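A.B. asks: Structure incoming, see below.
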Amino acid sequence: MYKRLFLLAALLGTASAHTQITHVTPAQGSRVSAPQNVTLEFSEPINLRFSTFKVYPLPSGVNAEAWAQTKLNLKNDAADRADTYPGASSMAAHLSLPLRPHLKAGTYIVMWRILSDDGHPVSGQATFDVK
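Written out as structure tokens, the structure reads:
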């Protein structure tokens, strides 16, 4: 009886977990030559139609988290971004964001807002430096 209750509790706990970004390349805080793209891997497939992904050069001295939240809400900002991601409407467990060629040296911020399977938005950001 207890084994069944434990198994049921374990399954219910897993079903209600939020989707997470499990891996970002370039890695958080890394220093790299100008990459051609940024890749993100998710803990489960997500609907890209209801998700937002952006890459920006990060001005020095700003709070990355607050800045990312502001930029995630912007529309018509493609000219200011370092990525050229056009958006998508498929399901995916990983995503590659193409970057503009010849990124200048400096810090860049990758930001995302995804819709978890349970309907909760999950947002975050990671930074990397281009040498």
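Position 86 of the sequence shown, counted from 1, bears residue number 85 in numbering that gives the first Met the number 0, the numbering being contiguous throughout.
Every residue, glycine too, gets a C-beta built ideally from N, C-alpha and C.
Note that the coordinates shown come from a computational prediction; the quantities given were computed from them, not determined experimentally.
Taking the C-alpha atoms as reference points, what is the distance between residue 123 and residue 36?
C.D. replies: Each residue's alpha carbon lies about 18 Å from the other.
A.B. asks: List the endpoints of the continuous beta strand (DSSP E) containing residue 91.
C.D. replies: Per DSSP, the unbroken beta strand (DSSP E) holding residue 91 starts and ends at 90–97.
A.B. asks: CA-CA distance, residue 100 and residue 106?
C.D. replies: 16 Å
A.B. asks: In chain order, what residues of the same chain lie with their CB nearer than 7 Å to the CB of residue 53, ignoring the 5 residues before and after it?
C.D. replies: 70, 71, 80, 82 and 110
A.B. asks: Note down the Cα distance separating residue 13 from residue 117, rounded to an integer number of angstroms.
C.D. replies: Low confidence applies here, because residue 13 scores a pLDDT of 47, under 50, leaving its location unreliable and the question unanswered by this model.
A.B. asks: With a floor of 3 residues, list each beta strand (DSSP E) that falls wholly inside the region 17–65, ordered by position along the chain.
C.D. replies: List check, beta strand (DSSP E) in window: 20–24, 36–46 and 51–56.
A.B. asks: If residue 92 and residue 43 are in contact, beta carbons under 8 Å, what's the gap, nearest whole angstrom?
C.D. replies: 7 Å
A.B. asks: Is the beta carbon of residue 57 closer than 7 Å to that of residue 108?
C.D. replies: yes
A.B. asks: Excluding sequence positions up to five away, which residues of its chain have a Cβ less than 8 Å from the Cβ of residue 25?
C.D. replies: 31, 34, 37 and 127
A.B. asks: Shortest alpha-carbon distance to residue 41 belongs to which of 104, 95 and 102?
C.D. replies: Closest by alpha carbon: 95.
A.B. asks: Would residue 115 and residue 51 qualify as a contact pair, given that the criterion is a beta-carbon distance under 7 Å?
C.D. replies: no
A.B. asks: Please name the residue, chosen from 28, 48, 129 and 68, that lies closest to residue 104 on a Cα-to-Cα basis.
C.D. replies: 129
A.B. asks: Please list, in chain order, all residues of the same chain as residue 49 whose beta carbon is under 6 Å from its beta carbon, the five residues on each side excluded.
C.D. replies: 114
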